[in-house]
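Just so you know, my numbering puts 28 at position 37 of the sequence shown, and the rest follows in order with no gaps.
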Amino acid sequence: MQEDILINWSPQETRVAIVESGSLQELHIERAMERGIVGNVYLGKVVRVLPGIQSAFIDIGLDRSAFLHVADVWHPGAAMEPGGTPRAGAAHLPIEKQLFEGQSLMVQVAKEPLGSKGARLTTQIGIAGRTLVSLPRDEHIGVSQKISPTVREGLRQRLQAIAGDGAGGFILRTNAEDATDKELDDDVAYLRKAWQRICDAATRSPTPSLLHQDLHLAQRVLRDMVTEHTHTIRIDSQEQFGTLRAFGQEFMPAAAQKLELYRGERPIFDLYAIDEEIAKALGRRVELKSGGYLIIDQTEALTTVDVNTGGFVGNRNYEDTIFKTNLEAAQAVARQLRLRNLGGIIVVDFIDMEREDHRHAVLAEFRKQLARDRVKTMCGGFSQLGLVEMTRKRTRESLAHILCEPCPMCKGIGMIPTARSVVYDLLREILKESKQFSPREFLVVAAPRVIDLLLEEESPNLVSLSEFVGKPIALRSEPAMDPQHYEIVLL
């Protein structure tokens, strides 16, 4: 299906929307003050080596030390997967025999810091180009598993002839399948120059230091997001259009040909109501065209998606209604995962279906939609409880974590105590205070709705407590106070 890429640029933020048939499919946001660090190469310093978990913490100049596991410490002769990554379970020297505190180490960020976790590192440096990923510390030539098996060996031999021996390894990316020898040769030259710049910087830089930074979001659009289905790439900044066109003409001319400067009077994101779609993607409830809806809850450990029929009653029978709702939900869930960039463990609770062929059809449709995702996904079948469990690789923060923060009132749980609960809490607190102190009077300072409840429905309980403790209880309304908080002042 044909897609358009819209780039909304401002000095503080770049937003990229991928639109397919008028519908927003993916959203990427990069803020100048919060730019991602995956792919960055640092000269770091080992601050702690932990033999118990075979890991080390590396200072690379961020707020939190980054994390390096022994499996990510590359060494010559390490067993490699076809894609060029260290093979799981490969034999490694204990980390305490490879690293020591205070050691300078060149590392690359493999995963962004997420929540309270620091960045994940690797010492196997990989520099991405248009068609290749350079592995300067290895002689291995790998091929993306998404490339057709019938052409893999031929591509490997072509690259081997172009790159020669003894000058580092490479991984052929997916878009290398149709690359010409000149495109491969240009990429090899560019990546080797980039590696030489990194090595030169490492010899003269203190620790910790940034040695190499990955491309910014607008450049990565040309490098990573343009496919044969991309119709146009429109950007609304004339200055960035010129910069991006020059970059594209040098490194990826085919993608640069699709680049256009947007000159419309309306904001570029208004073309497909992108801002309205973003607002919807931050809510729990997602409406389906049939009248059904999804409820999406994101937690630290996993994300749950609940499918409901809502107002959809169907035209034939109840089983047919459920089946059609689940089919639509399968498409909507896959789109929401991409749009919200939800990762980790995801559990989808489709509406229970009695017929086995319906379950197979819904699962097939769900897997078909997941296959369109640029991020790696794994999907199981229906469990005994009727749930579908899947995983989606975490590569960056979710949309909600980028655009939102926990509510200061509810602390992120989504609920606050009722006014009556607050009233009963403060009445118990007054009783407790009366046993320890003997003030002249108690003064309760609380939100207006709490004070109103004390003056109306709960006034008999307030009078009874005042008589029991033998002290007057005064009330003062404070509009600026949180509804769940109160103060008891001893006068």
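Every residue, glycine too, gets a C-beta built ideally from N, C-alpha and C.
Computed from a prediction, not measured in an experiment: that's the story for all the values here.
Does the separation of the CB atoms of residue i and residue j fall below 8 Å?
i, j, result
"Gly283", "Ala320", "yes"
"Val298", "Asp340", "yes"
"Met(-8)", "His351", "no"
"Leu293", "Ala323", "no"
"Gly159", "Leu126", "yes"
"Glu21", "Leu208", "yes"
"Met381", "Gly371", "yes"
"Ile269", "Leu18", "yes"
"Gly35", "Val98", "yes"
"Arg164", "Thr122", "yes"
"Ile479", "Leu417", "yes"
"Ile153", "Asp176", "yes"
"Glu356", "Leu394", "no"
"Leu235", "Gln210", "yes"
"His203", "Val64", "no"
"Ile118", "Trp186", "yes"
Would you report the Cα separation of residue i and residue j, rounded to the nearest angstrom?
i, j, result
"Arg188", "Glu168", "28 Å"
"Glu467", "Leu434", "At residue 467 the sequence reads Arg, which differs from the Glu that was named. If I take the Cα positions, the gap works out to 7 Å."
"Gln360", "Leu354", "10 Å"
"Glu72", "Thr312", "Its pLDDT being 46, under 50, Glu72 is placed unreliably in this model, and the value from its coordinates should be taken loosely. Answer to the nearest angstrom: the Cα atoms are 46 Å apart."
"Ala272", "Leu330", "7 Å"
"Asp443", "Ile44", "56 Å"
"Gln229", "Lys184", "29 Å"
"Phe314", "Ile259", "38 Å"
"Tyr477", "Glu424", "14 Å"
"Gly52", "Arg387", "19 Å"
"Cys398", "Gly405", "8 Å"
"Arg358", "Lys384", "15 Å"
"Ser200", "Glu25", "18 Å"
"Lys462", "Glu432", "6 Å"
"Gln231", "Pro104", "28 Å"
"Val296", "Gly120", "37 Å"
"Val277", "Asp348", "26 Å"
"Gln3", "Asp227", "14 Å"
"Glu327", "Gly334", "It should be noted that the sequence gives Gln, not Glu, for residue 327. Using only the alpha carbons, I get a separation of about 11 Å."
"Leu90", "Val40", "7 Å"
"Ile407", "Gln475", "7 Å"
"Leu59", "Gln115", "11 Å"
"Arg363", "Pro42", "41 Å"
"Arg0", "Arg6", "For clarity, residue 0 is Trp in the given sequence; the question names Arg instead. Cα-Cα distance, rounded: 6 Å."
"Glu469", "Val414", "15 Å"
"Gly106", "Asp54", "12 Å"
"Pro140", "Ala170", "16 Å"
"Gly255", "Arg149", "45 Å"
"Arg365", "Gln16", "11 Å"
"Ala465", "Ser457", "10 Å"
When you compare each of the options to residue i by their alpha carbons, which one comes out closest?
i, options, result
"Phe238", "Ile20, Val212 and Pro258", "Val212"
"Met216", "Val436, Ile9, Val460 and Gln89", "Ile9"
"Ser455", "Leu422, Ala471 and Ala437", "Leu422"
"Arg195", "Glu345, Asn332, Ala62 and Ser95", "Ser95"
"Val37", "Ser374, Ala101, Thr198 and Asp178", "Thr198"
"Pro439", "Thr409, Glu420, Val100 and Glu345", "Thr409"
"Arg214", "Glu174, Glu267, His203 and Ala47", "Glu174"
"His392", "Val379, Phe48 and Asn332", "Asn332"
"Ala101", "His131, Glu87 and Ala62", "Ala62"
"Glu447", "Phe161, Arg411, Glu87 and Ile118", "Arg411"
"Ile336", "Asp473, Glu310, Lys367 and Glu87", "Lys367"
"Val179", "Gln204, Asp261 and Gln151", "Gln151"
"Leu481", "Val441, Met472, Asn166 and Glu420", "Glu420"
*asked:* Suppose only complete runs of 3+ residues qualify. What are the beta strand (DSSP E) ranges in the stretch 278 to 341, listed by chain order?
replied: 284 to 289, 293 to 299 and 335 to 340
_beta strand (DSSP E) runs wholly inside the stretch 143 to 202, at least 3 long, in chain order_ = 160 to 163
*Touch check for the stretch 277 to 296 and the stretch 242 to 256: three-plus C-beta pairs under 8 Å?*
no
*Where in the stretch 238 to 280 do unbroken runs of the beta strand (DSSP E), each at least 3 residues long, occur, reported from the N-terminal end onward?*
250 to 252 and 276 to 278
*asked:* Across the stretch 109 to 116 and the stretch 133 to 146, are there enough close Cβ pairs to call them in contact, namely three or more that are closer than 8 Å?
replied: no
_Every unbroken beta strand (DSSP E) within the stretch 392 to 462, with a cutoff of 3 residues, ordered by chain_ = 433 to 437
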